[in-house]
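Here's the structure we're looking at; comments come further down.
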Amino acid sequence: EPEVTQTPSHQVTQMGQEVILRCVPISNHLYFYWYRQILGQKVEFLVSFYNNEISEKSEIFDDQFSVERPDGSNFTLKIRSTKLEDSAMYFCASSDEGTYSNQPQHFGDGTRLSIL
Amino acid sequence: GQNIDQPTEMTATEGAIVQINCTYQTSGFNGLFWYQQHAGEAPTFLSYNVLDGLEEKGRFSSFLSRSKGYSYLLLKELQMKDSASYLCAVRDRDTDKLIFGTGTRLQVFP
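Line by line, the protein sequences give chains A and B. When you number the first sequence by the working numbering, it's gap-free, plus one each residue, and the end is 436. When you number the second sequence by the working numbering, it's gap-free, plus one each residue, and the end is 1160.
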């Protein structure tokens, strides 16, 4: 069964450094998302992406965050200058249809980001 | 505002039936999803409801009442591997973002 893949599985970075989290969505999917989950807390929406542009972003997704689809297969999340509170599990998700669909978002295994 | 409530923890015995409730108050509604999440792993899709009523899928069923802002996930013939967190998520009406509850951690005992 096709799946969303994320790399790396664990990233340790010094505060203030830039980090890029990578995702390969399911190949025929058109809608892409990033969510994060701080340890012990709920999954939170960050951003959705469709047709090479951001569809919606949350309050968490400030100027330090950006997303890109550099080619036909990858979808990346960049944090420009990391803060301690950015430490979390970051999940990429994709779906083949959007708002009015019964198709679920499929999640990758996540990247655990630890900021020191 | 957006608010999704689920019990924090539940326990059950192998072979039993358990019902996990979810109530929601959101500014818009376009479907409710249930996901299973094992510790340290990705959420995996279990079920979807957009109309009132019961959706059955093997050992798992999910129910929705839009007028009451209420859903439940029913797990039958519990197995040890069903020990996990169960996440209730509402899809926003105007976008396709998912708004998650805090999840219910289910422990199944022999």
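Beta carbons are placed, not taken as given, at the ideal position from N, Cα and C, and that holds for glycine. The structure presented is a predicted model; accordingly, all values stated were derived computationally and were not measured.
In the structure shown, A:D383 adopts coil according to DSSP, grouped into three states.
Take the alpha-carbon of B:F1113 and the one of A:N422: they are about 15 Å apart.
Closest in C-alpha terms to B:L1101, from the list B:A1066, B:F1159, B:L1128 and B:F1083, comes B:F1083. Chain B places a beta carbon closer than 8 Å to that of A:S368, counting this residue as a contact. The three-state secondary structure of B:D1132, taken from DSSP, is helix. Within chain B, T1145 have C-beta atoms less than 7 Å from the C-beta of A:S375, given in sequence order.
Using a Cβ-Cβ cut-off of 7 Å, A:Y351 is close to D1146 of chain B, given in chain order. Legend: CB atoms of the segment 1121–1153 of chain B lying less than 9 Å from CB atoms of chain A belong to residues L1137, A1139, R1141, D1142, R1143, D1144, T1145, D1146, K1147, L1148, I1149, F1150, G1151, T1152 and G1153.
Its chain contains R1141 as the residues whose beta carbon lies nearer than 8 Å to that of B:K1147, once the 5 sequence neighbours on both sides are disregarded; these appear in chain order.
When rounded, the separation of the alpha-carbon atoms in A:I435 and A:F385 is 15 Å.
Listed by position along chain A, the residues whose Cβ is nearer than 7 Å to that of B:A1092 are F411, F427, G428, D429 and G430. Chain order gives no chain A residues near B:Y1074, where near means a beta carbon separation below 8 Å; the closest approach is about 13 Å. For A:H426, the closest of A:P345, A:F381, A:R400 and A:G392 by C-alpha to C-alpha distance is A:P345.
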